[in-house]
DNA sequence: CCCCAAATGGCAGTTAACTGCCACTTGTGC
DNA sequence: GCACAAGTGGCAGTTAACTGCCATTTGGGG
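Residue numbers (this note's numbering), protein chains in the order written: chain D, 140 to 345; chain X, 140 to 345.
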């Protein structure tokens, strides 16, 4: 939930939002990524109209559902990664935790239009830790100095995309985490082409 | 078009299929990724039913439309890449041509459910060249020996995914091509985790 | 050049993502 | 403990992706 954005949601409304998120995770796990929103509303015990009032569209619901159960799932890995005295190993830990989680929640991810992009936008703590680990790695000289948090953000999104080429529950993605991290650690390589910022929310399309 | 699959399409039917593909590219370019299929049928001068008879669903249409105009757009770059005596530079050329093309056709790509995955499946010549360049690079010792064509295929898909975090028409993706290629070239790095095969068409979901 | 299989397109129907409208209920601040 | 704003849910309507049915047209092999 982007609770920060909404001011004072009435208690019952907040409870309903919680229920909807729980139902969403349940329904997507049970019925796959094409599960109808009506079913989610039904299981949450609310009307479809309430679901739409709380979450403007499917993509936002999915984003919220991800953020909902996932932040906690990731918390231990974040702790472990930040506690590691080898920054590169910490980075790999964090990427792997994120990918593993994304694979477990792949139905929810697949339900959004643009799974790769969405994942990257989810979970500020994840992104923050990623940034911190990157800075540490750079100070230790094991990560390329020209990488920014935004780069890591995008790299995570790219890695999530590779999940769609694999069966669920496997660990094939580890290979690509390793491959990409080796790129991130190529401190001797020449300078990278320029960084351009993320697309702004209102931009793009048409 | 997966012309190889269909046996003897009647002349007029084949002509219509061509028209539909042309109309699709036009319509997606004009109206964005949410353009209705009916509009495509209209511009092609066929009934919606005919469109669906030729292409079982939106995703197949999109895949075909991509393959349609794109193979030629890529042909020159493929030639240049294969002709380059520096295999790494050839590889970068090819990736960049593919990404540049994907960015130009981003509306069509975005119209499919799973743009990252689909791109990787499109255009056998592209994948073949990628494989060839990889082998050459490996023989020259500049590309990691443990990479397979399937890996390159997935890497391409990952790179396409990064487009969704950028405004169209930019060249920000060059940065990530360079970054990933540096990973591909980390010949001194430790061995990668195991490769697992692509998901089979019938697999996954639910 | 004729006949039949192949191809077509209109229409009605289904499902899902939304939206607006509106009467009804229910927290909560005063 | 009341009044009013906040929240709710049903219903009807829209748009788009499909599917089945079927009467009609047409290409091309014999």
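Note that the Cβ used here is the ideal one computed from N, Cα and C, for glycine as well.
Here the structure is a predicted model, which means the values were calculated and not measured.
By DSSP, does residue i sit in helix, in strand, or in coil?
i: residue 244 of chain D; result: coil
i: residue 173 of chain D; result: coil
i: residue 291 of chain X; result: helix
i: residue 306 of chain X; result: coil
i: residue 272 of chain D; result: helix
i: residue 329 of chain D; result: coil
i: residue 262 of chain X; result: coil
i: residue 338 of chain D; result: coil
i: residue 217 of chain D; result: helix
i: residue 284 of chain X; result: coil
i: residue 140 of chain X; result: Here the model assigns residue 140 of chain X a pLDDT of 39, short of 50, so the residue's position is not dependable, and the following value carries that caveat. The answer is coil: DSSP assigns residue 140 of chain X none of H, G, I, E or B.
i: residue 349 of chain X; result: Examination of residue 349 of chain X is not possible in this model, given that chain X is present from 140 through 345 alone.
i: residue 147 of chain D; result: coil
i: residue 155 of chain X; result: helix
i: residue 300 of chain D; result: helix
i: residue 222 of chain D; result: helix
i: residue 185 of chain D; result: coil
Hey, residue i and residue j: beta-carbon distance below 7 Å or not?
i: residue 304 of chain D; j: residue 202 of chain X; result: no
i: residue 270 of chain D; j: residue 221 of chain D; result: no
i: residue 190 of chain D; j: residue 159 of chain D; result: yes
i: residue 265 of chain X; j: residue 318 of chain X; result: no
i: residue 313 of chain D; j: residue 332 of chain X; result: yes
i: residue 172 of chain X; j: residue 241 of chain X; result: no
i: residue 263 of chain D; j: residue 236 of chain D; result: no
i: residue 179 of chain D; j: residue 168 of chain D; result: no
i: residue 326 of chain D; j: residue 274 of chain D; result: no
i: residue 200 of chain D; j: residue 229 of chain D; result: no
i: residue 301 of chain X; j: residue 291 of chain D; result: no
i: residue 166 of chain X; j: residue 182 of chain X; result: yes
Could you tell me whether any Cβ in chain D is nearer than 7 Å to the Cβ of residue i?
i: residue 326 of chain X; result: no
i: residue 166 of chain X; result: no
i: residue 141 of chain X; result: Low per-residue confidence applies at residue 141 of chain X: pLDDT is 39, beneath 50, and the placement is therefore not dependable, though the value from the model is reported in the following sentence. Closer than 7 Å: no.
i: residue 238 of chain X; result: no
i: residue 214 of chain X; result: no
i: residue 291 of chain X; result: no
i: residue 317 of chain X; result: yes
i: residue 301 of chain X; result: yes
i: residue 322 of chain X; result: yes
i: residue 243 of chain X; result: no
i: residue 155 of chain X; result: no
i: residue 200 of chain X; result: no
i: residue 331 of chain X; result: yes
i: residue 309 of chain X; result: yes
i: residue 313 of chain X; result: yes
Between the Cα of residue i and the Cα atoms of the options, which residue gives the shortest distance?
i: residue 336 of chain X; options: D/315, D/330, D/323; result: D/315
i: residue 308 of chain D; options: D/321, D/225, D/164, D/246; result: D/246
i: residue 254 of chain D; options: D/299, D/174, D/234, D/277; result: D/299
i: residue 118 of chain X; options: X/193, X/177, X/147; result: Beyond the ends of chain X as shown, which are 140 and 345, falls residue 118 of chain X; an answer cannot be given.
i: residue 152 of chain D; options: D/167, D/177, D/186; result: D/186
i: residue 328 of chain D; options: D/285, D/165, D/297; result: D/285
i: residue 226 of chain D; options: D/215, D/277, D/207; result: D/277
i: residue 287 of chain D; options: D/207, D/149, D/323; result: D/323
i: residue 224 of chain D; options: D/177, D/279, D/260; result: D/279
i: residue 231 of chain D; options: D/195, D/147, D/281; result: D/281
i: residue 195 of chain X; options: X/219, X/306, X/176; result: X/176
i: residue 248 of chain D; options: D/211, D/218, D/150, D/207; result: D/207
Would you verify that the beta carbon of residue i is, or is not, closer than 7 Å to some beta carbon of chain X?
i: residue 334 of chain D; result: yes
i: residue 189 of chain D; result: no
i: residue 337 of chain D; result: yes
i: residue 175 of chain D; result: no
i: residue 279 of chain D; result: no
i: residue 256 of chain D; result: yes
i: residue 304 of chain D; result: yes
i: residue 196 of chain D; result: no
With residue i and residue j assumed to form a contact (beta carbons below 8 Å), what rounded beta-carbon distance in angstroms separates them?
i: residue 257 of chain D; j: residue 310 of chain D; result: Between residue 310 of chain D and residue 257 of chain D the Cβ distance is about 23 Å, and since that is not below 8 Å, they are no contact.
i: residue 320 of chain X; j: residue 234 of chain X; result: 7 Å
i: residue 334 of chain X; j: residue 289 of chain X; result: 7 Å
i: residue 209 of chain X; j: residue 157 of chain X; result: So it is not a contact: roughly 15 Å between Cβ atoms.
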